[in-house]
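Visitor:
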Amino acid sequence: MATEAKAVTRELIWRRVMDELGFEHARVRRGPEGTELSGLILVAEQGAPLRAEYSVLCDDAWRTRRVSVTQSWRGEPRTLTLEHDGDGHWRKDGRVAEELEGCTDVDLGLSPSTNALPINRLRLEEGTRAELRAAWVRFPALEVVPARQGYTRVGPARYRYESLESGFNALLDVDEDGLPVEYAGIWRRLAEGPAAPVSPSQAFMEALVSPGPSPELGDAAATFGWLVGGWAGTIQDHDPDGSVRQSHGEWWFHWVLEGRALQDVFIVPSRHAPAQSGPGANKRYGTTVRSFDRAGGKWRIVWVSPTGGAINRLDGGRDGDRLVLLGEHHGKPIRWSFSDIGPDRFTWRGEEQDSTGHWKLQARFDMRRIA
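Below you can see the structure in the form of structure tokens.
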């Protein structure tokens, strides 16, 4: 009986020796389905710390298929997503990138690892040369521009890289996987070895979390996309007798399922809140998944609360300057809304309609952005 080939995973560290201002810690995972290059880059850029995490997925012929980059620089987080059909057609952040037409590989300007992509894809014979167009990602702007490049195999494990527009050229000494060992006095490998298996929790997060919304959502992504990040604030439960119980809570949002849905985690009391001496708001530790029904033109959400046992389904969307969702709970109409929306704040209200048609406030959350 044939057995499936196991993935081979390596870890490597490079130092930017040309100025001693940067390091990269990369992971290379090769399997029968293709290769993933991922890594963390830490450099000093214009006197400020720059942190960039990336993932490059390739098929079994080393053709770049999907790229994601998350960058933090001068207090500003930014993301970039590139998708490639393998035939020179690209999307950038979900939109067709005509300027990248004909590019075959991605070149991350801060990383030596992506030189391995054309080296492995081309598989040049010694003494031969090839030219290509690469999607060159420039940091810290995260601009992507086409770049004409040349690779010549000048020895068994040595290549000459050329930037055909600037005239820059450099020699690369590589290993058996085409990964640089020495990059012409610019980058130098410090360490390499087998990587520990990815933990189940990390593998789950990588499968679930997406860097941004799917292009399938189009303009609808903006309805809830502004929530991505972390929020904290005051949580109030309004009881039938008119009393109000209050606690502090936190709320985290991110794109999931290849950006087709937005999921949150809602926690009350906050993990960082001091213990309360009196009764506070109801304990909550649950999640909501939001997905867009293109046929109906509405967002549909499902809230699951293991602590309270509730499962609520609502749908809706933008209503003027509010977001309004309607549903039922125990046979009674309910309305959830986001209002007073600003760059760093919003108010959420949960209401139930009584037999007279009056909406009664059951809960109110006043949130401020923390991430």
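Mind the numbering: the sequence shown is residues -2 to 368 in my numbering, read in order. Ideal Cβ positions, reconstructed from N, Cα and C, are used throughout, including at glycine. Because the structure is a prediction, the values reported are computed rather than measured.
Just confirm the distance between the C-beta atoms of H245 and A270, as a whole number of angstroms; I'd bet it's less than 8 Å.
Guide: Position 248 of the sequence shown, counted from the first residue, corresponds to residue 245. Position 273 of the sequence shown, counted from the first residue, corresponds to residue 270. Right, the Cβ-Cβ distance comes to about 4 Å (below 8 Å), so this counts as a contact.
Visitor: Taking just the CA atoms, how far does T285 sit from D261?
Guide: Walking along the sequence shown from the start, residue 261 turns up at place 264. Walking along the sequence shown from the start, residue 285 turns up at place 288. Looking at the two C-alpha atoms, the distance is approximately 5 Å.
Visitor: Under 7 Å: does the beta carbon of W248 sit that close to some heavy atom of the ligand COA?
Guide: The ligand content of the structure shown is nil, which means the ligand COA is not present either.
Visitor: Consult DSSP for L119 and reduce its assignment to one of helix, strand or coil.
Guide: Within the sequence shown, numbered from 1, the residue matching residue 119 stands at position 122. If DSSP states are grouped into helix, strand and coil, L119 belongs with the helices.
Visitor: Using 8 Å as the Cβ pair cut-off and three pairs as the minimum, do the stretch 130 to 140 and the stretch 170 to 177 touch?
Guide: The answer is no - the stretch 170 to 177 does not touch the stretch 130 to 140, with fewer than three Cβ pairs under 8 Å.
Visitor: Are there three or more Cβ pairs, one per stretch, closer than 8 Å when the stretch 284 to 300 is compared with the stretch 312 to 327?
Guide: The answer is yes - the stretch 312 to 327 touches the stretch 284 to 300, with three or more Cβ pairs under 8 Å.
Visitor: Just the C-alpha distance for F201 and A49, rounded to the nearest angstrom, thanks.
Guide: Along the sequence shown, one-based indexing puts residue 201 at 204. Along the sequence shown, one-based indexing puts residue 49 at 52. Taking the straight line joining both Cα atoms gives about 21 Å.
Visitor: Report yes or no: do three or more beta-carbon pairs, one from the stretch 191 to 201 and one from the stretch 225 to 244, lie closer than 8 Å?
Guide: As far as the Cβ criterion goes, the stretch 191 to 201 does not touch the stretch 225 to 244, which means the pair count is below three.
Visitor: What is the rounded straight-line gap between the Cα of T61 and the Cα of F343?
Guide: Position 64 of the sequence shown holds residue 61. Position 346 of the sequence shown holds residue 343. Spanning the two alpha carbons is a distance of roughly 40 Å.
Visitor: Between which two residues does the alpha helix (DSSP H) holding M454 run?
Guide: Outside the displayed range of the chain (-2 to 368) lies residue 454, so it cannot be described from this structure.
Visitor: Can you tell me the Cβ-Cβ gap for W59 and L114, rounded? I've got them flagged as a contact below 8 Å.
Guide: Here residue 59 is taken as the residue at index 62 of the sequence shown, counted from 1. Here residue 114 is taken as the residue at index 117 of the sequence shown, counted from 1. Yes, they are in contact, since the Cβ atoms of W59 and L114 sit about 6 Å apart, within 8 Å.
Visitor: In this structure, does DSSP put G325 in helix, strand or coil?
Guide: Taking the sequence shown and counting its residues from 1, the one referred to as residue 325 is at position 328. In the sequence under discussion, the amino acid at residue 325 is Glu, which differs from the Gly named in the question. Note: E325 maps to strand in three-state DSSP.
Visitor: In whole angstroms, give me the CA-to-CA distance for V141 and S108.
Guide: To locate residue 141, count along the sequence shown from 1; it is residue 144. To locate residue 108, count along the sequence shown from 1; it is residue 111. Cα to Cα, the separation comes out at about 14 Å.
Visitor: Run through DSSP, which three-state label would S160 get?
Guide: Position 163 of the sequence shown, counting from 1, holds the residue named residue 160. S160: strand per DSSP, three-state reduction.
Visitor: Determine the closest residue to L358 out of S352, R366, R346, with distance taken between C-alpha atoms.
Guide: Walking along the sequence shown from the start, residue 358 turns up at place 361. Of S352, R366, R346, the residue nearest in Cα terms is R346.
Visitor: Quickly, what does DSSP pair M364 with across the bridge? List them, please.
Guide: Looking up residue 364 in the sequence shown gives position 367. Partner(s): G230, F343.
Visitor: Distance check for G91 and Q350, CA to CA, integer angstroms please.
Guide: Reading the sequence shown from its first residue, position 353 is the one you call residue 350. Reading the sequence shown from its first residue, position 94 is the one you call residue 91. In a straight line, the C-alpha of Q350 is about 40 Å away from that of G91.
Visitor: Per DSSP, D261 forms a beta bridge with which residues?
Guide: Within the sequence shown, numbered from 1, the residue matching residue 261 stands at position 264. Beta-bridge pairing links D261 to F250, T285.
Visitor: Output the residue ranges of the alpha helix (DSSP H) runs that lie fully inside the stretch 83 to 154 and measure 4 residues or longer, sorted by chain position.
Guide: For the stretch 83 to 154, whole alpha helix (DSSP H) runs of length 4 or above, ordered along the chain, are 113 to 119.
Visitor: What would DSSP say about G190, mapped onto helix, strand or coil?
Guide: Walking along the sequence shown from the start, residue 190 turns up at place 193. DSSP places G190 in strand when its eight states are reduced to three.
Visitor: Note down the Cα distance separating E95 from C55, rounded to an integer number of angstroms.
Guide: As a first step, residue 95 must be located in the sequence shown, where it is residue number 98. As a first step, residue 55 must be located in the sequence shown, where it is residue number 58. Computed Cα separation, rounded: 21 Å.
Visitor: Give the DSSP bridge partners of D316, in chain order.
Guide: Here the question's residue 316 lines up with position 319 in the sequence shown. According to DSSP, which records beta bridges pairwise, D316 is partnered with R319.
Visitor: List the whole-angstrom C-beta distance separating V40 from L47, where the pair is believed to meet the contact cut-off of C-beta under 8 Å.
Guide: Stepping through the sequence shown from its first residue, residue 40 is reached at position 43. Stepping through the sequence shown from its first residue, residue 47 is reached at position 50. V40 to L47, Cβ: 5 Å. Contact.
Visitor: For a test of the three-state rule: what should DSSP assign to A217, helix, strand or coil?
Guide: Position 220 of the sequence shown holds residue 217. Residue state, collapsed to three classes: helix.
Visitor: H326 to S302, Cα distance in whole Å?
Guide: Counting from 1 along the sequence shown, the entry for residue 326 is found at position 329. Counting from 1 along the sequence shown, the entry for residue 302 is found at position 305. One C-alpha to the other measures close to 13 Å.
Visitor: Between the alpha carbons of V265 and A278, how many angstroms are there, rounded?
Guide: Here residue 265 refers to the residue found at position 268 of the sequence shown. Here residue 278 refers to the residue found at position 281 of the sequence shown. Roughly 8 Å separates the two Cα atoms.
Visitor: To the nearest angstrom, how far is it from the Cα of Y158 to the Cα of A167?
Guide: Here residue 158 refers to the residue found at position 161 of the sequence shown. Here residue 167 refers to the residue found at position 170 of the sequence shown. Answer to the nearest angstrom: the Cα atoms are 5 Å apart.
Visitor: Could you pull out every residue in the same chain whose Cβ sits closer than 8 Å to the Cβ of P276, ignoring the five residues on either side in sequence?
Guide: Within the sequence shown, numbered from 1, the residue matching residue 276 stands at position 279. R242.
Visitor: Ignore the nearest five residues each way along the sequence and tell me which others in F263's own chain have a CB closer than 6 Å to its CB.
Guide: Locating residue 263 in the sequence shown gives position 266, where the first residue counts as 1. Cβ neighbours of F263 beyond the five flanking positions: W248, R281, G283.
Visitor: Write down the C-beta distance between W184 and W11 rounded to the nearest angstrom, noting that I regard them as a contact closer than 8 Å.
Guide: Stepping through the sequence shown from its first residue, residue 184 is reached at position 187. Stepping through the sequence shown from its first residue, residue 11 is reached at position 14. That belief holds up - the Cβ atoms of W184 and W11 are roughly 5 Å apart, short of 8 Å.
Visitor: Would you give the residue range spanned by the beta strand (DSSP E) that N166 belongs to?
Guide: What you label residue 166 is simply residue 169 of the sequence shown in a count that begins at 1. Its beta strand (DSSP E) spans residues 166 to 171.
Visitor: Where G182 and V14 are concerned, what is the direct C-alpha to C-alpha distance, given to the nearest angstrom?
Guide: The residue labelled residue 182 in the question sits at position 185 within the sequence shown. The residue labelled residue 14 in the question sits at position 17 within the sequence shown. Taking the straight line from one Cα to the other gives about 6 Å.
Visitor: Based on the DSSP output, what are the partners of S35 in its beta bridges?
Guide: Taking the first residue of the sequence shown as position 1, residue 35 is located at position 38. DSSP, once it has assigned bridges, lists R24, S52 as partnering S35.
Visitor: Near T32, which residues of its chain fall below 6 Å by C-beta distance, leaving aside the five closest residues on each side in sequence?
Guide: The residue you call residue 32 lines up with position 35 of the sequence shown. Answer for T32: C55, listed in chain order.
Visitor: Between P212 and R361, what straight-line distance do the alpha-carbon atoms span, to the nearest angstrom?
Guide: Within the sequence shown, residue 212 is the residue found at index 215, counting from 1. Within the sequence shown, residue 361 is the residue found at index 364, counting from 1. Cα to Cα, P212 sits roughly 33 Å from R361.
Visitor: Taking DSSP's pairing of strands, which residues face N309 in a bridge?
Guide: On the sequence shown, position 312 is the one that residue 309 refers to. N309 pairs with W300.
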